[in-house]
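Heads up, the sequence shown is in my numbering, so the first residue is 4 and it goes up one at a time.
Glycine included, each C-beta is placed from N, C-alpha and C at the ideal position.
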Amino acid sequence: MNKVTRNQRLETRIILKNIEKEGYIGDINSYISEGGYLALKKALKGSSEDIINEIKKSKLVGRGGAAFPTGLKWEFAKKSKEFPKYVVCNADEGEPGTFKDRIILEDDPHLLLEGMIICGLSLGAQTGFIYIRGEYFKAYEILKKAIEEAQEHNFLGESILGSEFSFKINLYRGAGAYVCGEETALLDSLEGRKGQSRVKPPFPTFVGFKNKPTVLNNVETFANISQILLKGAEWFSKIGSPLSPGTKLYCLSGDVNKPGVYELPTDITLKELIEKYGAGVDGKLKAVLPGGASSNLLTDKELGLTLDYPSVQKAGSMLGSGAVIVINDQHCMVDVARRCTEFFDDESCGRCAPCREGTKRAREILVNIALGRGEPGDPLLLKELQGVLYDTSRCGLGQAALNVTNSAIEKFPAEFEEHITKRKCRLGICL
Ligand SMILES: Cc1cc2nc3c(=O)[nH]c(=O)nc-3n(C[C@H](O)[C@H](O)[C@H](O)COP(=O)(O)O)c2cc1C
Ligand code: SF4
Numbered sequence: 004m005n006k007v008t009r010n011q012r013l014e015t016r017i018i019l020k021n022i023e024k025e026g027y028i029g030d031i032n033s034y035i036s037e038g039g040y041l042a043l044k045k046a047l048k049g050s051s052e053d054i055i056n057e058i059k060k061s062k063l064v065g066r067g068g069a070a071f072p073t074g075l076k077w078e079f080a081k082k083s084k085e086f087p088k089y090v091v092c093n094a095d096e097g098e099p100g101t102f103k104d105r106i107i108l109e110d111d112p113h114l115l116l117e118g119m120i121i122c123g124l125s126l127g128a129q130t131g132f133i134y135i136r137g138e139y140f141k142a143y144e145i146l147k148k149a150i151e152e153a154q155e156h157n158f159l160g161e162s163i164l165g166s167e168f169s170f171k172i173n174l175y176r177g178a179g180a181y182v183c184g185e186e187t188a189l190l191d192s193l194e195g196r197k198g199q200s201r202v203k204p205p206f207p208t209f210v211g212f213k214n215k216p217t218v219l220n221n222v223e224t225f226a227n228i229s230q231i232l233l234k235g236a237e238w239f240s241k242i243g244s245p246l247s248p249g250t251k252l253y254c255l256s257g258d259v260n261k262p263g264v265y266e267l268p269t270d271i272t273l274k275e276l277i278e279k280y281g282a283g284v285d286g287k288l289k290a291v292l293p294g295g296a297s298s299n300l301l302t303d304k305e306l307g308l309t310l311d312y313p314s315v316q317k318a319g320s321m322l323g324s325g326a327v328i329v330i331n332d333q334h335c336m337v338d339v340a341r342r343c344t345e346f347f348d349d350e351s352c353g354r355c356a357p358c359r360e361g362t363k364r365a366r367e368i369l370v371n372i373a374l375g376r377g378e379p380g381d382p383l384l385l386k387e388l389q390g391v392l393y394d395t396s397r398c399g400l401g402q403a404a405l406n407v408t409n410s411a412i413e414k415f416p417a418e419f420e421e422h423i424t425k426r427k428c429r430l431g432i433c434l
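Dropping the structure here:
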């Protein structure tokens, strides 16, 4: 294959390839007319090892946050001797600033279904679940219809397309808890219990839904599968950054002139995303959260950063689900830290003490600082608290809860100092 040029790469669409076409309405006929379900037909002719090897070779990593290699996850579940096996799609989309999965669910639902069916085929699973965010009423109805259409065409159901493979997909609505996006809390909720995180390991791949091997992937991850199988792992692995190839749906929000969801190759820089696609910062750039409220703040020094998973991590933050939130200089960082911490305190499931008590204590301290009642030792106390939560919380919610606070103290110490010593908010937001 010829080396793809940079300009062509910027035009690359994998996930949104159909929905921008004129007349495309996302029903099964539109999907089939664009080559939909051809990947499933191809997969049915090969072996499950062929599918898994192709996904492994593509170097696709999960798009839900943890960036775990997808092919490896499928292989672990496939190799497990336990039966039955399950496929679960995480469509909870709860991270503040994330609104990308909704586009797939509403505008191209068969892209997701085909990826899940192929996953089921590779594992020898017969049942799949889509755990959908409770507030996604429209997406729920569209998915329900898409599942019926797929059943009518025998892409789902008994003996799919005359093969020995049978697979069904059930829809399950969440009840609005952010923690239920965390994979083990999601599984508890799916099993009918209160959504609270389990201790890991064991990971769901080995001990998942009803304690059976379960592949749990994000919507965007599944949406990549059919194109990888049709066009090949080599094609996919050459798109974007070699460190985590492919495209990413970046959710650009906050103080930018053109917020939105942009599908771009993963070698796009933060600067290009904001300036070329987001039409620049609305005001003067102060900070950026590259992976939503769970990530560490970046500043203008990091604008040249490539938005692939390892590069963002190396820069001291994380890409997560790609919720790039831009913050201009009209925001007080004490206020930003306080509001993020309040979110995590509200959403903590309460199962483990460090997160349950730690987020509450951090919230109290930040409210005090914001109101001019802070103590000189408070920033250090908050940093210590962040370390304790990171080290001892049971799940990612608690581990990441004070990332914004910690990085705000590190990168904008003067703003905390002024609130504490001068009892003053330079922007007049807090006091
Ligand atoms: C607090 C918390 C919330 C999460 N919310 C989501 C979510 O809404 N959607 C999602 O796909 N992953 C979410 N995740 C990540 C999942 O636990 C899991 O890693 C992911 O769904 C696996 O799919 P992937 O490998 O395709 O990324 C969350 C993790 C944490 C700790
Ligand atoms: S870290 Fe927080 S959200 Fe996770 S299990 Fe503990 S209390 Fe629940």
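For residue i, the first and last residue of its enclosing beta strand (DSSP E)
i, result
"Ala-290", "288-292"
"Glu-266", "263-268"
"Gly-257", "250-257"
"Gly-131", "130-135"
"Val-329", "326-331"
"Asn-173", "171-176"
Rounded straight-line distance, which links the Cα of residue j to that of residue i
i, j, result
"Glu-161", "Ser-169", "4 Å"
"Glu-413", "Cys-183", "30 Å"
"Ile-271", "Val-264", "14 Å"
"Asn-5", "Glu-305", "Since pLDDT at Asn-5 reaches only 38, below the 50 mark, its modelled position is unreliable, and the value read off the structure follows with that caveat. Roughly 32 Å separates the two Cα atoms."
"Thr-73", "Val-329", "29 Å"
"Arg-12", "Arg-105", "Caution is warranted here: a pLDDT of 44 is assigned to Arg-12, below 50, making its placement in the model unreliable, and no coordinate value can be reported."
"Gly-127", "Pro-205", "21 Å"
"Arg-364", "Phe-419", "17 Å"
"Ile-372", "Gln-389", "17 Å"
"Gly-377", "Arg-426", "8 Å"
"Cys-92", "Gln-230", "18 Å"
"Leu-75", "Val-315", "22 Å"
"Lys-386", "Ile-35", "53 Å"
"Thr-302", "Ala-282", "18 Å"
"Thr-8", "Glu-223", "For Thr-8, the pLDDT reaches just 41, beneath the cut-off of 50, and the residue's location in the model is therefore unreliable, although a value from the coordinates is still provided. Near 25 Å, if we compare the C-alpha coordinates of Glu-223 and Thr-8."
"Leu-47", "Leu-124", "8 Å"
Whole-Å CB distance - residue i paired with residue j, under 8 Å assumed
i, j, result
"Tyr-253", "Leu-276", "6 Å"
"Ser-298", "Asn-406", "6 Å"
"Cys-398", "Ser-192", "Contact doesn't hold; Cβ gap of about 13 Å is too wide."
"Leu-369", "Val-339", "In fact, because the Cβ distance is near 10 Å, the residues do not count as touching under 8 Å."
Candidates the options, of which the one nearest residue i by Cα
i, options, result
"Leu-273", "Ser-396, Pro-248, Glu-152 and Ala-318", "Ala-318"
"Glu-152", "Pro-357, Asp-30, Pro-293 and Phe-346", "Asp-30"
"Thr-250", "Asp-104, Leu-63, Asn-299 and Glu-85", "Leu-63"
"Gly-100", "Gly-325, Lys-88 and Lys-203", "Gly-325"
"Leu-255", "Glu-378, Leu-232 and Gly-294", "Gly-294"
"Leu-116", "Arg-341, Lys-20 and Leu-43", "Leu-43"
"His-156", "Asn-32, Val-91, Gly-131 and Ile-231", "Asn-32"
"Ile-58", "Asp-258, Glu-237 and Leu-385", "Glu-237"
"Lys-148", "Ile-172, Glu-185 and Lys-81", "Ile-172"
"Ile-55", "Phe-415, Glu-278, Tyr-280 and Leu-232", "Leu-232"
"Phe-79", "Pro-357, Gly-118 and Gly-211", "Gly-211"
"Val-284", "Cys-335, Asn-260 and Thr-269", "Asn-260"
"Ala-356", "Tyr-181, Leu-374 and Gln-402", "Gln-402"
"Tyr-175", "Leu-246, Val-218 and Glu-194", "Glu-194"
Exposure of residue i, with buried meaning 16 or more beta-carbon neighbours within 10 Å
i, result
"Ile-432", "exposed"
"Pro-262", "buried"
"Glu-23", "exposed"
"Gly-177", "buried"
"Phe-347", "buried"
"Ile-28", "exposed"
"Pro-382", "buried"
"Tyr-143", "buried"
"Arg-354", "buried"
"Thr-408", "buried"
"Ala-417", "exposed"
"Phe-140", "exposed"
Extent of the continuous alpha helix (DSSP H) run through residue i
i, result
"Val-91", "Not the alpha helix (DSSP H): Val-91 falls in the beta strand (DSSP E), residues 89-94."
"Arg-342", "336-350"
"Val-222", "222-234"
"Leu-75", "73-82"
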